[in-house]
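Read through the structure below, which is laid out as structure tokens, and then see the notes.
Residue numbers (my numbering): 49 to 186.
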């Protein structure tokens, strides 16, 4: 199976997960820029960090929740569709349906895992920057 077929079989929830992931990645990149700060001093960077907010954990939870919602609605759809199929085709239809049901959850985990790691790394650097500013009063 190729990625296009996987993405298409996952349904509309794949698009929602992708958009949430893009917004989360953009927010993390913005925070990365605030930590790096360019020519600004550490105090100015901390002020900018406090203004950027930390919505990444909420967005990451939303990504996984949308994946769970897509999977749950997939189970409901498959179970609702099976009674409308001839009994001799039930095995083939259920095998195909149950195979694609977890695709939104899998996609949400694929998207959320690296974003979670990036968020943890940024939090680490942010804490180090806060410690340095407090220790040296720069």
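Every residue gets a Cβ at the ideal spot worked out from N, C-alpha and C, and that includes glycine.
| Query | Result |
| --- | --- |
| Return yes when the Cβ of residue 163 is within less than 8 Å of the Cβ of residue 72, no when it is not. | yes |
| Leaving aside the five residues before and after residue 57 along the sequence, list all residues of the same chain whose C-beta is less than 7 Å from its C-beta, in chain order. | 148, 151 |
| Using a Cβ-Cβ cut-off of 7 Å (strictly less than) and excluding sequence neighbours within five positions of residue 156, which residues of its own chain qualify? | 65, 111, 112, 114, 115 |
| According to DSSP, simplified to helix, strand and coil, what is residue 127? | helix |
| Between the beta-carbon of residue 68 and the beta-carbon of residue 167, is there less than 8 Å? | no |
| Under 8 Å between C-beta atoms, does residue 125 make it to chain D? | No chain D appears in this structure, which consists of one protein chain only. |
| As an exercise, report each continuous alpha helix (DSSP H) stretch of at least 4 residues that is fully enclosed by the stretch 107-160, in chain order. | 138-148 |
| Do residue 119 and residue 153 come within 8 Å of each other at the CB atom, strictly closer than that value? | yes |
| If we call anything under 8 Å between Cβ atoms a contact, is residue 128 one with residue 145? | no |
| Suppose the cutoff is 8 Å on Cβ atoms and the five residues either side in sequence are ignored; what does the same chain contact list for residue 142 look like? | 126, 130 |
| Could you give the distance in angstroms between the alpha-carbon of residue 49 and the alpha-carbon of residue 74? | 30 Å |
| Go ahead and pull the three-state DSSP assignment for residue 49. | coil |
| Using only CA atoms, which one of 89, 158, 106, 136 lies nearest to residue 51? | 158 |
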